[in-house]
Amino acid sequence: MKIVVGGTGYVGLVTGTCFAEVGIDVICVDIDEKKIDNLNKGILPIFEPGLEALVIKNVSKGRLQFSTSLESSIPGADVVFIAVGTPPGENGSADLQYVIDVAKQIGKYMTSYGVVVTKSTVPVGTALQVQEAIHEELKTRNISIPFDVASNPEFLKEGAAIDDFLKPDRIVVGVSSKEAEEVMRKLYKPFLLNGHPIIFMDVPSAEMTKYAANSMLATKISFMNDIANLCEIMGADVNMVRKGIGSDGRIGNKFIYPGIGYGGSCFPKDVKALIKTAADNGYSMQILQAVEAVNEYQKTVLFSKLNNRFQGSLKGKTIAMWGLSFKPNTDDMREAPSLVLIDSILAAGGKVRAYDPVAMNEAKHIIGDQIVYCDNEYDVLLKADALLIVTEWADFRSPNFERIKELLSYPIIFDGRNIFDGKEMNELGFEYYGIGTNN
Ligand code: UGA
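Numbering follows UniProt numbering, in which position 22 of the sequence shown is assigned residue number 22; successive positions increment by one, without gaps.
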């Protein structure tokens, strides 16, 4: 089989590389020449554990190629994935211009039957638009080539993308013909060895599945953040409540960790887009509107705790931050709660010293020189008035507490991810504030 992946962003690069890893010939195409040049040299545009090694290995085996030309790549492809970006457009709907651009080029250059698969997260109905764009081009060429359009949403998590792709919980594919179903079944066969299911459905249902999955996960998080805030008021401990409810199999113990709000390139965008799709079609997604509102509020709670502790006068105070990325194992700063936190501290006249194991460069691009970037998790503490734990990197979980105490002007920790136990921290001599706990 030969496949082409249009777009070497997060999803495209992981998809192409993982298909190559199981022995399929893959060409990843991107219009960004510099990116393609770098990829050919084994230099990756993103940080993702394990990805670089897989790219280098599969390029050297000749199974993975990078190109800037859809024109030379598309002819003869059995499957073409569209994995280009769908940035938030006006009013929160996904901007489909890049998806449609690739579809047009597929219509322009295809030479034989193939399945065109949308892999980017796209609103319900996009596959139809892709189909029409290809038809238009074929009409212009005055030629009739059969093709199918399928929807194959991606569920991988940044930081765990390789594992998620190679050992998926499930593969969802929306198809409208038996032929396309067979091609997709054959393509995914190497990933089904451990009994993971491939679920075929109609195209709109597959498109909706992606939004429903991310929205459900975002709902779990906002719900737990709401419960955490109430726990604080009522004298309960959300860490206990989480364990108490998570052990009920119907609820499950994943994605119920309260924190400082969800971020990243997916949840915020997808929740917004689903609310918008519904509104455009005369329906109001009331739960998701609340999910969004709670998330915006949650991004402010750590600052409120800090501000209250210093009686509303952060002017001249130095605040140390552990972590900047929206979650561990990624350098992604998109919609990171740290950005909101930093803005608030700076606006209140405070200074920020920050350290992140991987996201420092990304952060510098976005935040610039408004804060001080430090070399490690201890440098950051020098003469700081408090420590904020913003991202739960494994590096921060078992620190030298004595050293922290020595370096901080006063031993106060605001733990936005509940990585420490409040009682233990008090015993160690820290003033400790977690999320949803008074311990
Ligand atoms: C998310 C989904 O988990 C993937 O399945 C999906 O494929 C991806 O979006 C996508 O649409 O591309 P991702 O954004 O990489 O993946 O990150 P998650 O691990 O889901 O975390 C999202 C946010 O939720 C983070 O800010 C994290 O800190 C927060 N979170 C997560 C919590 O606050 N509490 C939790 O219990 C779990």
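Think of the CB as a built atom: it goes at the ideal place given N, C-alpha and C, for glycine as much as any other residue. Note that the coordinates shown come from a computational prediction; the quantities given were computed from them, not determined experimentally.
Measuring alpha carbon to alpha carbon, tell me which residue in the options is nearest residue i.
i           : options            : result
residue 433 : 267, 379, 229      : 229
residue 121 : 436, 393, 208      : 208
residue 111 : 237, 211, 77, 81   : 77
residue 210 : 234, 123, 2        : 123
residue 54  : 239, 165, 430      : 165
residue 7   : 45, 21, 25, 404    : 45
residue 74  : 42, 406, 239, 113  : 113
residue 232 : 3, 13, 436, 23     : 436
residue 274 : 313, 236, 214      : 214
residue 12  : 277, 155, 241, 145 : 155
residue 384 : 317, 344, 145      : 317
residue 39  : 57, 403, 23        : 57
residue 241 : 227, 249, 250      : 227
residue 20  : 63, 292, 140       : 63
State the DSSP-derived secondary structure class of residue i, mapped to helix, strand or coil.
i           : result
residue 172 : strand
residue 237 : coil
residue 52  : helix
residue 301 : helix
residue 186 : helix
residue 445 : Past the boundaries of the shown model lies residue 445; the chain is included only from 1 to 439, so the question cannot be answered.
residue 284 : coil
residue 1   : coil
residue 266 : coil
residue 432 : strand
residue 177 : coil
residue 74  : coil
residue 251 : coil
residue 6   : strand
residue 64  : strand
Going along the chain, which residues of its own chain have a beta-carbon closer than 6 Å to the beta-carbon of residue i, five neighbours each way excluded?
i           : result
residue 107 : 134, 137, 138
residue 263 : 326, 335, 336, 337
residue 348 : 314
residue 413 : 387, 430, 432
residue 360 : 373
residue 439 : 237, 422, 423
Who are the near neighbours of residue i in its chain, counting only those whose CB is closer than 8 Å to its CB and skipping five residues on each side?
i           : result
residue 375 : 355
residue 199 : 170, 171, 172, 173
residue 442 : This structure cannot speak to residue 442, because the chain is shown only from 1 to 439.
Can you find a CB in chain C that lies within less than 9 Å of the CB of residue i?
i           : result
residue 378 : You won't find chain C in this structure, because it holds only one protein chain.
Report all residues from its chain with a CB closer than 7 Å to the CB of residue i; omit the five preceding and five following residues, and keep chain order.
i           : result
residue 181 : 175, 200
residue 310 : 317
request  = Please specify which runs of the beta strand (DSSP E), each continuous and at least 3 residues long, are wholly inside the region 78-158, giving them in chain order.
outcome  = As far as the region 78-158 is concerned, its whole beta strand (DSSP E) runs of at least 3 residues are 79-82, 114-118, 147-151.
key: Completely contained alpha helix (DSSP H) runs for the region 310-360, where each covers 4 or more residues   = Counting only runs of 4 or more, we get 337-347.
query = Which runs of the alpha helix (DSSP H) spanning at least 4 residues fall entirely within the region 356-428, listed in chain order?
reply = List check, alpha helix (DSSP H) in window: 360-367, 401-407, 422-427.
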